[in-house]
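Residue numbers (the working numbering): 18 to 143.
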Ligand SMILES: [Zn+2]
């Protein structure tokens with residue numbers, strides 16, 4: 018599996034937060050991602066092949082439960098990207114820089130921001 022955007026968003030987000038993500042390819046070619054470190058704050062519900070990753074970025078109560086706290090953790094400002102709210106923006110107002118990510122929902126934008134700019138729970142600069 019190649020690096021980058023082909024990985025599921027929740028896997029990229031979990032990696033950025035310090036999880037050692039493990040992939041399993043099913044017979045039909047679909048890829049499932051699991052928490053390889055089994056840290057209690059990383060992992061979601063146990064599944065047949067391991068512990069499912071938390072659904073970072075998913076627009077659901079479970080998705081919000083794990084994604085919402087990232088706003089405070091990284092000091093993000095989150096809001097609609099336009100008046101029609103057709104996309105959302107998560108932004109970190111840094112001292113000398115300004116990082117942002119956009120997504121279809123607020124949670125999607127937050128998870129994309131964390132996946133790109135968050136490393137081990139810290140903001141990656143420069
Ligand atoms: Zn983990």
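Ideal Cβ positions, reconstructed from N, Cα and C, are used throughout, including at glycine.
Check residue i in the structure and name its three-state DSSP category.
{"i": "residue 26", "result": "helix"}
{"i": "residue 125", "result": "helix"}
{"i": "residue 44", "result": "coil"}
{"i": "residue 32", "result": "helix"}
{"i": "residue 97", "result": "strand"}
{"i": "residue 87", "result": "helix"}
{"i": "residue 53", "result": "coil"}
{"i": "residue 7", "result": "What is shown of the chain runs 18 to 143, which leaves residue 7 out entirely."}
{"i": "residue 92", "result": "coil"}
Whose C-beta lies closer than 7 Å to the C-beta of residue i among residues of the same chain, with five residues either side of it excluded?
{"i": "residue 97", "result": "105"}
{"i": "residue 42", "result": "48"}
Between residue i and residue j, is the Cβ-Cβ spacing less than 7 Å?
{"i": "residue 126", "j": "residue 26", "result": "no"}
{"i": "residue 40", "j": "residue 50", "result": "yes"}
{"i": "residue 116", "j": "residue 109", "result": "yes"}
{"i": "residue 86", "j": "residue 80", "result": "no"}
{"i": "residue 121", "j": "residue 33", "result": "no"}
{"i": "residue 74", "j": "residue 135", "result": "no"}
{"i": "residue 133", "j": "residue 118", "result": "yes"}
{"i": "residue 70", "j": "residue 52", "result": "yes"}
Say yes only if the C-beta of residue i is nearer than 6 Å to one or more non-hydrogen atoms of ligand 3, and no if none qualify.
{"i": "residue 107", "result": "Questions concerning ligand 3 fall outside what the structure shown contains, since the ligands it does hold are ligand 1."}
CB-CB under 6 Å to residue i, same chain, minus the five flanking residues each way: which ones, in chain order?
{"i": "residue 107", "result": "93, 95, 118, 126, 127 and 130"}
Within the structure, which residues are defined as neighbours of ligand 1 by a Cβ-heavy atom distance below 5 Å, reported in chain order?
Environment of ligand 1, chain-ordered: 36, 52, 54, 56 and 59, taking every residue with Cβ within less than 5 Å of a heavy atom.
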